[in-house]
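So in UniProt numbering, spot 234 of the sequence shown is number 234, and the numbers just go up one at a time.
For glycine and all other residues, C-beta sits at the position ideal for the given N, C-alpha and C.
Note sheet for the following structure.
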Amino acid sequence: MAFQLSAEHEAIRDAVREFGENEMAPVAEEHDREHKYPENLRKKAAEYDFVAPNIPLEYDGAGMDKISSTIVTEELWRADPGIGSAVGSAGFGSDMIIEFGDEWMKEEWLPRIANGESASCSMISEPAHGSNVAGIETVAEMDGNEYVLNGNKMWITNGTVADVGVAMAKTSPDEGHRGITAFLLPMDTDGVTTEKITNKLGIRASDLAEVVLDDVRVPEENVIGEVDEGFYQLMEFFASGRTSVAAQAVGAAQGALDAAIEYATQREQFDQKISEFQAIQHKIAEMATKVEAARSLTYRAATQVEQNNQDIAAQYSSMAKLFASEISVEVADEGVQVHGGSGYVTDYPAERYYRDARITKIYEGTSEIQKNIIADQLL
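Rendered as structure tokens:
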């Protein structure tokens with residue numbers, strides 16, 4: 001399938017790349033070392049419409065299509081996966097609000113997310129339930145005109161910095177995936193407690209937390225969409241989410257490749273640049289080919305998502321997520337190898353890309369889960 005970016009898409013890429021090189025890259029090592037959440041950079045990125053760029057124009061968003069959003073994600077991660085994750089995830093859960101939320105939810109929260117005033121989060125995973133969304137144990141029981149939520153959410157991006165979240169809970173516990181409901185949950189609601197997770201391998205600038213819900217009361221009007229339809233609502237966004245992770249992986253891989261090329265053209269051994277050695281040249285050639293293949297598959301998936309070809313989008317988004325994440329780790333590993341001993345220390349970004357890329361094989365469905373999905377589609 002032939003694919004060509006429009007002039008508008010290329011302009012978006014140039015703008016995000018400039019922001020990444022000028023604003024993110026110079027402070028990337030500091031934010032990684034200190035596990036520092038880049039709130040100021042999130043707000044600055046919002047001025048350029050790089051935060052939740054999918055939010056419609058009528059809610060002060062950029063209204064970008066999926067290809068544009070994919071480019072934004074890729075370039076943010078190319079500059080630095082940690083800060084890129086923090087900026088790019090600031091609108092987690094906004095898709096659910098856009099598609100299924102009541103008008104008051106959209107008017108109250110979407111402009112605040114788009115302009116960087118607030119961050120959001122999506123509370124799905126639990127200590128015992130990651131890939132198995134249907135197995136979540138958080139419950140929501142009706143009490144008068146309120147729901148009372150109790151449960152424990154784990155690995156929640158933006159958990160300690162978000163102002164609002166989308167929480168998934170069982171309203172019909174005996175019905176499995178048919179009994180899950182999505183709730184709009186302001187994070188300052190009584191009974192919500194968060195604890196930051198700091199012992200991460202990578203993307204350390206991104207906030208990650210455990211969220212405990214203890215007798216949390218939310219009005220009935222805070223149900224997003226329909227009661228007991230939350231699982232089906234969530235499924236509509238998995239193709240888009242997995243395509244976004246594929247874009248993250250491509251960005252990290254490209255960043256690792258860029259760093260390897262820069263180092264190879266500067267480092268000298270045996271009275272010549274190491275870029276003149278055929279062994280290094282072959283590594284660079286293979287890395288670049290893999291990155292381009294992953295990018296092409298990711299853009300194809302984004303096109304299917306944009307065209308709302310659901311079955312095809314599900315297949316290609318899983319393919320893109322699987323392939324790009326695997327390639328990202330391989331390319332980052334080779335990037336460290338090109339750097340030699342310098343790739344094993346924090347003086348150079350190679351080791352950071354190596355650590356950061358690894359998460360793309362895990363979240364939004366592990367590589368093993370993606371293989372299951374692809375096989376189901378084909379067989």
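Query raised in the report: Can you tell me the Cα-Cα spacing of residue 227 and residue 100, whole angstroms?
Result: 12 Å
Runs of 3 residues minimum, wholly inside the stretch 178 to 259: which ones carry the beta strand (DSSP E) assignment? If we require 3 residues or more, the beta strand (DSSP E) runs fully inside the stretch 178 to 259 come out as 180 to 186, 192 to 196, 208 to 219.
Below 7 Å CB to CB, which residues in the same chain sit around residue 359 once its five sequence neighbours on both sides are set aside? 202, 203
Exercise. Which residues bound the beta strand (DSSP E) around residue 141?
Worked result: 139 to 143
### Three-state class that DSSP yields for residue 166 in the structure shown
strand
C-alpha gap between residue 325 and residue 217, whole angstroms
39 Å
Apart from the five residues just before and just after residue 266, which ones in its own chain have a Cβ nearer than 6 Å to its Cβ? none
Exercise for the section: Specify the secondary structure class of residue 273 as computed by DSSP and reduced to three states. Expected result: The answer is strand: DSSP assigns residue 273 an E or B state.
* Asked: Once you ignore the five residues that flank residue 297 on each side, which residues in its own chain have a CB closer than 8 Å to its CB?
  -> Same-chain partners within the cutoff: 246, 316, 319, 320, 323, 324.
Of all the beta strand (DSSP E) runs that stay within the bounds of the stretch 89 to 127, which reach a length of 3 or more residues?
-> 120 to 123
### Task
Assign residue 270 to one of two classes, buried (16 or more other C-beta atoms within 10 Å of its C-beta) or exposed (fewer than that).
It is exposed - the Cβ of residue 270 has fewer than 16 other Cβ atoms within 10 Å.
Next item on the list: Mind checking which residues open and close the beta strand (DSSP E) that includes residue 265?
Entry: That residue, residue 265, is in no beta strand (DSSP E); it is neither H nor E in DSSP.
Exercise. Leaving out the 5 sequence neighbours to the left and right, which residues in its chain are closer than 8 Å to residue 107 when beta-carbon positions are compared?
Worked result: 59
*asked:* According to DSSP, simplified to helix, strand and coil, what is residue 129?
replied: strand
Practice problem: Look at the alpha carbon of residue 185 and the alpha carbon of residue 272, and state the distance between them as a whole number of angstroms. | Solution: 60 Å
Cβ neighbours of residue 251 in the same chain (closer than 6 Å, five flanking residues each side left out):
74, 77, 78
- prompt: In terms of alpha-carbon separation, which member of 176, 124, 161 lies closest to residue 151?
  reply: 124
Subject >> Cβ-based neighbour list, residue 233, same chain, cut-off 7 Å, excluding 5 preceding and 5 following >> reply: 96, 100, 182, 225
### Message
Quick check on residue 10: does DSSP put it in helix, strand or coil?
### Response
helix
request  = Compute the Euclidean distance between the alpha carbons of residue 135 and residue 102, then round it to the nearest angstrom.
outcome  = 27 Å
From the DSSP output, in three-state form, read off residue 36 for me. coil
Which of the three DSSP states, helix, strand or coil, is assigned to residue 1? Below a pLDDT of 50, predicted positions are generally treated as unreliable, and residue 1, at 49, falls in that range; the measurement from the model is reported next regardless. Of the three classes helix, strand and coil, the one that applies to residue 1 here is coil, per DSSP.
Sequence-distant residues of the same chain with beta carbon closer than 6 Å to residue 190, five excluded per side:
none
key: Nearest-angstrom Cα separation, counted from residue 87 out to residue 210   = 20 Å
For this session: Determine the closest residue to residue 239 out of 56, 80, 53, 365, with distance taken between C-alpha atoms.
Result: 365
- Message: Taking the alpha-carbon of residue 382 as reference, which of 29, 306, 198, 104 has the nearest alpha-carbon?
- Response: Shown here, the chain extends from 1 to 379; a query on residue 382 therefore has no answer.
Beta-carbon proximity of residue 205 to residue 83, cut-off 7 Å
In this structure, residue 83 lies closer than 7 Å to residue 205 by Cβ.
Query - Inter-residue CB distance, residue 164 and residue 118 (contact presumed, cutoff 8 Å) - result: 6 Å
Once DSSP output is grouped into helix, strand and coil, what is the label at residue 157? strand
inquiry  = Quick check on DSSP: helix, strand or coil for residue 147?
reply    = strand
Would you kindly check if the distance between the Cβ of residue 253 and the Cβ of residue 331 is under 7 Å?
yes
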